[in-house]
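To start, the structure itself, in structure tokens.
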Amino acid sequence: MKLDAAFYATLSRLRLSMGHKSSMNLSGNRKSVQKGSSTEFSDFREYMPGDDIRRIDWNAYGRLDRFYVKEYMEEKEAVVSILLDTSASMDYGKNKKSDMAAMLAAAMSYLGLNNMDRVLVYDIQRMDAPFVASGGKRAFPRLTDWLEQRIFDGRADIIEAVRRLPAKGPGVTIIISDFLQEGFVDQDDDATQQLLRFLEYRRQKAVLLHVLAGEELNVELTGTRNLIDMEEKSTLRLTLDTASIRIYEKALQEFTSKLKRECAKRGAAYALCSTETDFHKLLFQDLRMLYDI
């Protein structure tokens, strides 16, 4: 979370693309499907008893001899849900995946709050106690404090966590994870499809931020090693040579390609976020497809 004021000043110029119009009964900066009293004209409709007579279009009455009223788009507060994977596998790397994930969660939250959206940040292992923030950037310091208190340990079930999301109308759901769960890694499993179908059913624009350590993306270890599963605590003794590294690289390519392919099919956004990438470049260049600029 060590990001300076200049970084956030630049970030303030961006806005998350929602993908859906909001329908929340709250005030904010998003265009709603409901009609209200803002100054942006939307459409005409025939006058009905009880309508505000100040909205009658007298020019239309003069031409058509019937009463019509003007409707305007109402500004609504959108919902940005951010799911942070706090499993033990995230606490890995010289530049830890957990640090990158927390900074991404902070940046995405800031974008929402800066636009007066309602932001809910979930610890995937504690879905019943999200951090809820609204009312603009004044909530941001408390949110970063909450993120700094996260403990990356144990196991997480991403599918189950998403199913526990409360229904809050259309919005954006951002999942920040290494997706190192069997259902996502296994090429024959449809966990990614299940996840995206459910979010689509809930009228969510899905964003998958796939955080991997530099050591996972570029294996440089050689020789015989004891590999420890950080979540299961099991050990595998493995000899790493050129052939085994090639097998790993092929599996990694299939893993990331599957996530990217399934997101493209469902109109979701996907980005591979290496812990070795400069965070400014990642946010302002690599993730530009997330923004209404």
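Numbered as in our numbering, the sequence shown ends at 746 without a single skipped number. Glycine residues also receive a C-beta, built at the ideal position from the N, C-alpha and C atoms.
Simplified DSSP state of residue i, which is helix, strand or coil
| i | result |
| --- | --- |
| Ile535 | strand |
| Ala586 | strand |
| Lys734 | helix |
| Ile698 | helix |
| Asp576 | strand |
| Val672 | coil |
| Leu649 | helix |
| Tyr461 | helix |
| Tyr545 | coil |
| Gly515 | helix |
| Pro619 | coil |
| Gln602 | coil |
| Gly636 | helix |
| Asp739 | helix |
| Gly439 | The question about residue 439 has no answer, for the chain in this structure spans 454 to 746. |
| Ser551 | helix |
| Gly720 | coil |
| Leu596 | helix |
| Ser562 | helix |
| Leu705 | helix |
| Ser491 | Annotation note: pLDDT 49 at Ser491 (below 50); position unreliable, coordinate value reported separately. Residue state, collapsed to three classes: strand. |
Cross-strand partners of residue i (DSSP beta bridge)
| i | result |
| --- | --- |
| His663 | Ser630, Leu725 |
| Arg571 | Val532 |
| Gln657 | Gly624 |
| Leu469 | Tyr744 |
C-beta contact flag for residue i and residue j at 8 Å
| i | j | result |
| --- | --- | --- |
| Ala531 | Met543 | no |
| Tyr744 | Arg468 | yes |
| Ala559 | Asp606 | no |
| Ile535 | Val574 | yes |
| Asp642 | Glu635 | yes |
| Gly667 | Ser630 | no |
| Leu566 | Ala582 | no |
| Ile400 | Met561 | What the structure shows of the chain is the stretch from 454 to 746, and residue 400 is not part of that stretch, so it cannot be assessed. |
| Val625 | Met742 | no |
| Val672 | Ile700 | no |
| Ala721 | Ala659 | yes |
| Ala614 | Met569 | no |
Nearest-angstrom Cβ-Cβ length linking residue i and residue j, presumed shorter than 8 Å
| i | j | result |
| --- | --- | --- |
| Leu661 | Leu712 | 6 Å |
| Phe584 | Arg616 | About 20 Å separates the two Cβ atoms, so there is no contact after all. |
| Leu665 | Leu564 | Not quite, the Cβ-Cβ distance comes to about 23 Å (not below 8 Å), so this is no contact. |
| Asp538 | Ile577 | 5 Å |
| Thr709 | His663 | 7 Å |
| Leu740 | Ala724 | 6 Å |
| Arg655 | Ala620 | 6 Å |
| Gln646 | Glu707 | About 16 Å separates the two Cβ atoms, so there is no contact after all. |
| Phe520 | His733 | Actually they do not touch by this definition, with Cβ atoms about 56 Å apart. |
| Asn548 | Glu729 | 6 Å |
| Arg591 | Leu649 | Arg591 to Leu649, Cβ: 34 Å. No contact. |
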